[in-house]
Amino acid sequence: MSNATASAADTVKKVSLLRILGPGHVWALGVGIVLVGEYTGWNFAVDKGGTLAALIICWVIGLLYTSVAMIDSEVTSTVAAAGGQYAQAKHIVGPLMAFNVALYLVFAYTMLEVSNAILIADTVKAYAGDGFSDWHYKGIIAIVIVGLAALNYRGVLMTLNVNFVITAIAYLAIIVLFFSVQPWSQGTILKLNEMVTPENALPYGWIGVIAAFHWGIWFYLGIEGTTQAAEEVRSPSRSLPYGTMAGMITLLIGASLTWYICASLMPWQYLGFTYYPLLDAGKLTGSALLENMMFTATILAALASANGCINDAARAWFSLGRDRYLPPWFSAVHPVYRTPYRSIIFLVPIALAFAFIANLGQAITFSILSGVLHYTFMSVNIMMFRNKWPLGTIQRGYTHPFHPLPAIILLALCVVTYFAIFLGYGAQLTAMVVFYIIMSLWFHFYRYRYVKRGDQFTMPWPKPRGY
Amino acid sequence: MWITIANIGWVLSAALLLWMLYDWFRVDTSYSEATLTSSREGEIEGVQESHKV
């Protein structure tokens, strides 16, 4: 390494992120971040509204995220820069929105990383037996966060190659479980008609369905993270739409299979309570092989998610530094590994601190809140994008159909989700909004004076319509 | 087994953290700040994305 560093010092004058990724890596990043949601989290929607509510939410929230994926694909195939939606907001809405969006991204991904580390430690603890103390629990958390940070530090290609493999294994485990429980023969292993009856399908009625939106987000939360790779894919206009849409199709299938397996094996009272719906489904088959497979897959899914989250949070933080929205010190790129190494290291102690003190429910809720704020921005963003630069005025790698319908659906579903979160976590929602208002004031009245205003707009676009 | 893995986890975490801090120090002392922070948004875009979509 020392030779590589020394020789690079002689030749490299400018360093930037490395364009080395393909559509498969984009898929691995998006699905890798999200897939853990099938292994835990979505099932708390069952507690809010019953098993049928979780299925309704699975598809309705699927509609929300299909809108997110389509909108994201169009804008990102045009604004291909690290920071993803942050760079989009900067060019389309303005600096204050961009600063907030970057904060949403960093919070959503860091809290998701924390949730994954806690989940892995909880899963191990459940199997470790006596003698597994708090020290050991925190040791698992530490190696997950620090080990994956080191992998991210070492290079994006290896990071996402690893993510591709472990995400594929975790996804295949769901497919294997699905066929192992003989879905073509209800009554042999699966008992959907006994578990879900007209009396218990919607135990709290339609208000339960609304409340279930909060946790239904977990089926797909993070697929929009594919855009963070925009500056490192070889062909963003091709790879990002392909990777994101393929990821969304993968997840819609995975979510539906997951619901079917779990709803057919567990009563809703238990399904809405357990932290490990798929692992429990593996256990309930009575096969030790399937149980071990789902145990391994749960850990792999959480690892893939944490790995992708570190990648994305670091790039959002790096982009803020590069535009001087934060000290430019954070915008350093490693001259050999070509990663935003200072941003990666900076976020490690923050993730560790939250993982050591927060519980899983709080961490997931903070992540969901930041995510929904982010999706709300996206619906406004695409309308402004189409108004300022109508079709034909700039080249788009992908043009999403039925505009403005996806944006309107996205905005409407975000409003319903805010209400659902308010029902269960009103205090956290209020605290989070107050936090973003304070940060906005800090940015507007203090930090923005350091920004080189002309330098931050980098896309070679014509003047927007109306300006 | 998990207790052993957790203990190894602490050791590995410390080792990896030290490696990152050491490498960070080496890089920061081997390169100028101007070089390290020379990445600019959109620069590569102009060269590599000039193809027709």
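Protein sequences appear in the order of chains U and C.
Just so it is clear: in the first sequence, position 81 is 81 by our numbering, and no numbers are missing.
Each number in our numbering comes from the position in the second sequence (counting from 1) with 467 added on.
All residues carry an ideal CB built from backbone N, CA and C; glycine is no exception.
About 29 angstroms separates the Cβ atoms of residue 46(U) and residue 351(U), ruling out a contact at the 8 angstroms cut-off.
Residue 338(U) and residue 90(U) have their alpha carbons spaced roughly 24 angstroms apart.
Ranked by Cα distance from residue 43(U), the first of 326(U), 74(U), 94(U) and 280(U) is 280(U). With respect to residue 371(U), residue 211(U) sits apart: the two C-beta atoms are not nearer than 8 angstroms. Shown here, residue 360(U) sits in a helix according to DSSP, grouped into three states. The beta carbon of residue 428(U) sits closer than 6 angstroms to the beta carbons of 365 from its chain, once the five residues preceding and following it are set aside; these are given in chain order. In the three-state reduction of the DSSP assignment, residue 21(U) falls in the strand class. For residue 333(U), the secondary structure class from DSSP, reduced to helix, strand or coil, is coil. Within the model, the alpha-carbon separation for residue 149(U) versus residue 184(U) is close to 43 angstroms. Per DSSP, reduced to three states, the secondary structure at residue 15(U) is coil, with no helix or strand assignment. At least one beta carbon of chain U lies nearer than 8 angstroms to the beta carbon of residue 504(C).
DSSP links residue 233(U) through a beta bridge to 21(U). Non-local beta-carbon contacts of residue 383(U) in its own chain, meaning distances under 8 angstroms to residues more than five positions away in sequence, involve 404 and 407 in chain order. The three-state reading of DSSP puts residue 402(U) in coil, since its state is none of H, G, I, E or B.
Annotation: the continuous alpha helix (DSSP H) that includes residue 165(U) extends over 156 to 180.
Under the criterion of beta carbons closer than 8 angstroms, residue 190(U) and residue 196(U) do not qualify as touching, at roughly 11 angstroms. The closest CA to that of residue 175(U), considering only 435(U), 294(U) and 24(U), is found on 294(U). Listed along chain C is no residue with a C-beta nearer than 7 angstroms to that of residue 155(U); the closest approach is about 12 angstroms. Residue 116(U) has its alpha-carbon roughly 10 angstroms from the corresponding atom of residue 123(U). Counting every other CB atom within 10 Å of its CB across the protein chains shown gives residue 333(U) a total of 16 or more, marking it as buried. When Cβ pairs closer than 8 angstroms are counted between the two stretches, the stretch 67 to 83 of chain U is seen to touch the stretch 385 to 397 of chain U, the count reaching three or more. Looking only at 411(U), 455(U), 188(U) and 235(U), the smallest Cα-Cα distance to residue 286(U) is reached by 188(U). The CB of residue 483(C) comes closer than 7 angstroms to the CB of 146, 147 and 150 in chain U, given here in chain order.
DSSP places residue 245(U) within a helical segment (H, G or I) once states are collapsed to three.
The Cβ neighbour count for residue 487(C), taken over all protein chains shown within 10 Å, is at least 16; the residue is labelled buried. Judged by DSSP in its simplified three-state form, residue 35(U) adopts coil rather than helix or strand. Counted as a single uninterrupted DSSP element, the alpha helix (DSSP H) harbouring residue 294(U) occupies residues 288 to 322. For residue 490(C), the enclosing alpha helix (DSSP H) covers residues 469 to 497. For chain C, the residues of the stretch 124 to 140 of chain U that bring a beta carbon within less than 9 angstroms of one of its beta carbons are 124, 125, 127, 128, 129, 131, 132, 133, 135, 136, 137, 138, 139 and 140, in chain order.
The three-state secondary structure of residue 197(U), taken from DSSP, is coil. A Cβ-Cβ distance of about 19 angstroms is found for the pair residue 100(U) and residue 331(U), leaving them out of contact under the 8 angstroms criterion.
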